[in-house]
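Visitor: Numbering (this note's numbering), first residue to last: 10 to 540. The beta carbon of each residue, even a glycine, is placed where N, CA and C say it ideally should be. Predicted model, so just to flag it, every value in this text is computed and none were measured. Supplied in structure tokens, the structure appears directly below.
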């Protein structure tokens with residue numbers, strides 16, 4: 010088909026991003042295991058997770074969202090249609106503006122940390138003053154991370170426009186390494202050991218930014234001050250980015266809102282939600298975000314050339330590809346929630362009670378995984394046409410729904426912290442439905458039957474997979490500590506057999522995405538594709 014070359018480009022780019030993200034997520038789990046072992050799910054862990062929540066939200070909204078997704082369409086246009094001198098000027102102005110704004114935000118964030126933490130965790134100010142004070146201190150140490158991650162996001166946008174995805178994808182590894190090293194080296198050196206986590210975050214942000222510089226130099230990109238803020242490209246990027254902060258990150262904002270409500274719940278609630286969200290981020294980062302980021306340059310190129318039919322076909326393909334992976338990931342997390350959490354985190358101060366409470370949060374977060382992943386593929390389509398207001402309006406509706414549901418679930422039901430996760434899943438599903446609804450009016454009629462049929466096939470193939478994995482892993486005693494090797498083996502067997510069942514069922518049902526991936530693998534094996 011005409012659009013197949015773009016699909017292959019997206020698949021290759023997504024593979025590169027996914028591999029880098031996979032390595033980062035594996036190290037991220039190791040990092041979380043270290044945190045769970047040394048700090049459990051108590052006061053220190055709660056304080057760090059809240060202090061880290063704001064700068065980490067910034068990284069996800071900007072680094073994986075608004076800056077790159079608003080920058081790439083405009084920058085790609087300059088790369089393909091403007092002179093090298095004009096493109097270079099846009100680069101210099103963008104770095105100048107970003108540096109100035111980020112520096113101001115960092116200073117303000119440090120100075121007003123007590124106010125910010127009171128907003129993020131209002132329940133702690135009156136109920137847990139010691140935890141509140143510790144969180145403020147940690148937040149002040151971590152806040153300069155925003156400066157470096159903002160510049161990193163700009164580097165990522167530039168490199169992705171050149172279709173270089175490796176360096177930005179691999180960079181988060183350094184954050185996880187720096188936190189792990191900081192804990193092991195300095196845990197006993199600090200009177201308040203949790204300070205080591207904050208210092209590790211800051212060091213990781215610095216390393217991630219500087220790691221990008223050689224890759225920029227290789228493409229002739231240098232840093233120079235340029236205060237020509239009237240440049241039309243910069244104005245366009247700014248107009249796209251401001252609404253995009255909310256439009257691209259509705260899931261992350263929902264999780265952020267969950268943290269605010271969780272501050273009114275018993276100690277440990279913030280930690281349970283954090284660890285559950287971390288497990289959700291594994292399939293989201295490797296597949297959904299990777300495919301969404303990889304598709305934007307292709308969608309932007311098609312949009313700039315006016316090839317709307319090819320754009321719609323490419324968009325539908327990316328949604329089906331993400332669905333092919335996110336649906337079994339959702340079922341797998343639901344089926345294996347307790348074994349996974351027990352194996353990864355249940356040690357040291359993180360006991361089986363914490364495992365159970367984290368598992369129930371993961372259950373309700375997982376219900377919305379397919380919708381969250383799907384939304385990450387749909388939003389770039391609007392951005393390819395430089396429309397950020399439609400995702401913003403939809404996101405505001407869903408954020409309001411999440412706040413309403415959070416209040417209902419924690420104050421009027423016994424669900425408590427699990428209700429916060431359920432509210433996020435329901436509002437994320439609403440977000441996807443509304444995005445598809447507006448997509449039809451924006452792009453013209455899209456054949457949804459093919460997408461829905463693909464989604465239903467994936468569900469049918471996933472159910473026997475989840476049942477088999479659950480039955481195999483139910484043999485183990487996940488409440489007890491120890492026997493790590495036996496647990497690893499049992500979980501590994503359950504996952505492998507489950508995945509095997511899913512792929513066999515998909516092949517038997519002639520799933521188009523399955524056949525596409527097999528074709529890509531055969532091409533790679535013959536040396537016809539480079540990943």
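What does a CB cutoff of less than 6 Å around residue 398 pick up in its chain, not counting 5 residues either side in sequence?
Guide: Residue mapping note: residue 398 aligns to position 389 of the chain shown, counting from 1. Excluding sequence neighbours, residue 398 sits near 252.
Visitor: Does the Cβ of residue 10 have 16 or more other Cβ atoms within 10 Å, making it buried, or fewer, making it exposed?
Guide: Counted from its first residue, the chain shown places residue 10 at position 1. Below a pLDDT of 50, predicted positions are generally treated as unreliable, and residue 10, at 43, falls in that range; the measurement from the model is reported next regardless. Exposed.
Visitor: Tell me which same chain residues have a C-beta within less than 7 Å of the C-beta of residue 352, skipping the five on either side of it?
Guide: As a first step, residue 352 is located in the chain shown; it is residue number 343 there, counting from the start. When the five nearest sequence neighbours on each side are left out, the beta carbons in the same chain lying within less than 7 Å of the beta carbon of residue 352 are those of 496, 497 and 500, in order along the chain.
Visitor: With C-beta atoms as the reference, is residue 267 less than 8 Å away from residue 415?
Guide: On the chain shown, residue 267 is found 258 positions in, with the first residue counted as 1. On the chain shown, residue 415 is found 406 positions in, with the first residue counted as 1. Between residue 267 and residue 415, the CB-CB gap stays under 8 Å.
Visitor: Helix, strand or coil for residue 286, going by three-state DSSP, please let me know.
Guide: Within the chain shown, the letter at position 277 stands for residue 286. Judged by DSSP in its simplified three-state form, residue 286 adopts helix.
Visitor: Is it buried or exposed, residue 199, if we count other Cβ atoms within 10 angstroms and call 16 or more buried?
Guide: In the chain shown, counting from the first residue as 1, residue 199 sits at position 190. Residue 199 should be labelled exposed.
Visitor: Suppose the cutoff is 7 Å on Cβ atoms and the five residues either side in sequence are ignored; what does the same chain contact list for residue 312 look like?
Guide: Taking the chain shown and counting its residues from 1, one reaches residue 312 at position 303. Excluding residues within five positions, the ones whose Cβ falls inside 7 Å are 320, 393 and 394.
Visitor: Counting along the chain, where does the alpha helix (DSSP H) carrying residue 358 start and finish?
Guide: As a first step, residue 358 is located in the chain shown; it is residue number 349 there, counting from the start. No alpha helix (DSSP H) holds residue 358; DSSP gives it neither H nor E.
Visitor: Could you tell me the distance, in whole angstroms, from the CA atom of residue 8 to the CA atom of residue 80?
Guide: Because the chain is modelled from 10 through 540, residue 8 falls outside the range shown and cannot be assessed.
Visitor: Could you tell me the boundaries of the alpha helix (DSSP H) in which residue 511 lies?
Guide: Position 502 of the chain shown, counted from the start, is the residue given in the question as residue 511. Per DSSP, residue 511 belongs to the alpha helix (DSSP H) from 493-517.
Visitor: Going by beta-carbon coordinates alone, are residue 470 and residue 511 separated by less than 8 Å?
Guide: The residue given as residue 470 occupies position 461 in the chain shown. The residue given as residue 511 occupies position 502 in the chain shown. With contacts defined by Cβ atoms closer than 8 Å, residue 470 and residue 511 form a contacting pair.
Visitor: Is residue 471 helix, strand or coil by DSSP?
Guide: For the purposes of this step, residue 471 is identified with residue 462 of the chain shown, where counting begins at 1. Residue state, collapsed to three classes: helix.
Visitor: If we count the other Cβ atoms within 10 Å of its Cβ and call it buried at 16 or more, is residue 262 buried or exposed?
Guide: On the chain shown, position 253 is the one that residue 262 refers to. Buried, since its Cβ has 16 or more Cβ neighbours within 10 Å.
Visitor: May I have the straight-line CA-CA distance separating residue 522 from residue 272, to the nearest angstrom?
Guide: Taking the chain shown and counting its residues from 1, one reaches residue 522 at position 513. Taking the chain shown and counting its residues from 1, one reaches residue 272 at position 263. If I take the Cα positions, the gap works out to 42 Å.
Visitor: Of the choices 211, 389, 223 and 52, whose alpha-carbon is the least far from that of residue 140?
Guide: As a first step, residue 140 must be located in the chain shown, where it is residue number 131. Taking only the C-alpha atoms, the option nearest residue 140 is 52.
Visitor: Going by CA-CA distance only, name the one from 391, 448, 339 and 431 that's closest to residue 304.
Guide: The residue labelled residue 304 in the question sits at position 295 within the chain shown. Of the listed residues, the one whose Cα sits closest to residue 304 is 391.
Visitor: In angstroms, rounded to a whole number, what distance separates the CA positions of residue 277 and residue 362?
Guide: The sequence position of residue 277 within the chain shown is 268, counting from 1. The sequence position of residue 362 within the chain shown is 353, counting from 1. Each residue's Cα considered, the two are about 11 Å apart.
Visitor: Would you say the region 293-300 touches the region 442-450, given that touching needs at least three Cβ pairs under 8 Å?
Guide: no
Visitor: When DSSP labels each residue in this structure, what does residue 50 get in the three-state scheme?
Guide: Your numbering for residue 50 matches position 41 in the chain shown. Here residue 50 sits in coil by DSSP.
Visitor: Locate the alpha helix (DSSP H) running through residue 395, then write down its first and last residues.
Guide: Here residue 395 refers to the residue found at position 386 when the chain shown is read from its first residue. Segment: none, residue 395 is in no alpha helix (DSSP H) and carries neither H nor E.
Visitor: With H, G and I counted as helix, E and B as strand and the rest as coil, what does DSSP make of residue 197?
Guide: As a first step, residue 197 must be located in the chain shown, where it is residue number 188. Three-state DSSP puts residue 197 in coil, outside helix and strand.
Visitor: Could you give the C-beta distance for residue 455 and residue 325, rounded to a whole number, given that I count them as a contact under 8 Å?
Guide: Position 446 of the chain shown holds residue 455. Position 316 of the chain shown holds residue 325. Contact flag correct, Cβ pair sits at about 7 Å.
Visitor: Touching or not, the region 179-196 and the region 208-227, by the rule of three or more beta carbon pairs under 8 Å?
Guide: yes
Visitor: Can you grab the Cα-Cα spacing for the pair residue 367 / residue 339, in whole Å?
Guide: Looking up residue 367 in the chain shown gives position 358. Looking up residue 339 in the chain shown gives position 330. Distance between the alpha carbons of residue 367 and residue 339: 16 Å.
Visitor: Identify whether residue 366 lies in helix, strand or coil by the three-state DSSP scheme.
Guide: Within the chain shown, the letter at position 357 stands for residue 366. Correct three-state label for residue 366: helix.
Visitor: Less than 8 Å between the C-beta atoms of residue 107 and residue 63, yes or no?
Guide: Reading the chain shown from its first residue, position 98 is the one you call residue 107. Reading the chain shown from its first residue, position 54 is the one you call residue 63. No. Outside cutoff.
Visitor: Give a yes or no on contact between the region 193-209 and the region 109-118, applying the rule of three or more CB pairs nearer than 8 Å.
Guide: no
Visitor: Could you spell out the range, first to last residue, of the alpha helix (DSSP H) harbouring residue 214?
Guide: The residue given as residue 214 occupies position 205 in the chain shown. 204-227 is the span of the alpha helix (DSSP H), which, as asked, contains residue 214.
Visitor: Rounded to the nearest angstrom, how far is the Cβ of residue 30 from that of residue 178, given a contact under 8 Å?
Guide: Numbered from 1 along the chain shown, position 21 holds the residue referred to as residue 30. Numbered from 1 along the chain shown, position 169 holds the residue referred to as residue 178. Indeed they touch by this definition, with Cβ atoms about 6 Å apart.
Visitor: Give, in chain order, every unbroken run of the beta strand (DSSP E) that is at least 3 residues long and sits entirely within the region 294-340.
Guide: none
Visitor: Which two residues bound the contiguous alpha helix (DSSP H) that contains residue 109?
Guide: Within the chain shown, the letter at position 100 stands for residue 109. Run containing residue 109: 93-120, per the alpha helix (DSSP H) assignment.
Visitor: Report the CB separation of residue 45 from residue 357 in whole angstroms; it is logged as a contact under 8 Å.
Guide: Residue mapping note: residue 45 aligns to position 36 of the chain shown, counting from 1. Residue mapping note: residue 357 aligns to position 348 of the chain shown, counting from 1. Right, their Cβ atoms sit about 7 Å apart.
Visitor: Please state whether DSSP places residue 411 in a helix, a strand or coil.
Guide: Sequence index remark: in the chain shown, residue 411 carries index 402 (1-based). Three-state result, residue 411: helix.
Visitor: Tell me whether residue 377 sits in a helix, a strand or coil according to DSSP, three-state version.
Guide: For the purposes of this step, residue 377 is taken as the residue at position 368 of the chain shown. In the structure shown, residue 377 sits in coil (DSSP, three-state: anything other than H, G, I, E or B).
Visitor: Can you look up residue 345 in the DSSP assignment and give me helix, strand or coil?
Guide: The count along the chain shown starts at 1 and reaches residue 345 at position 336. Note: residue 345 maps to coil in three-state DSSP.
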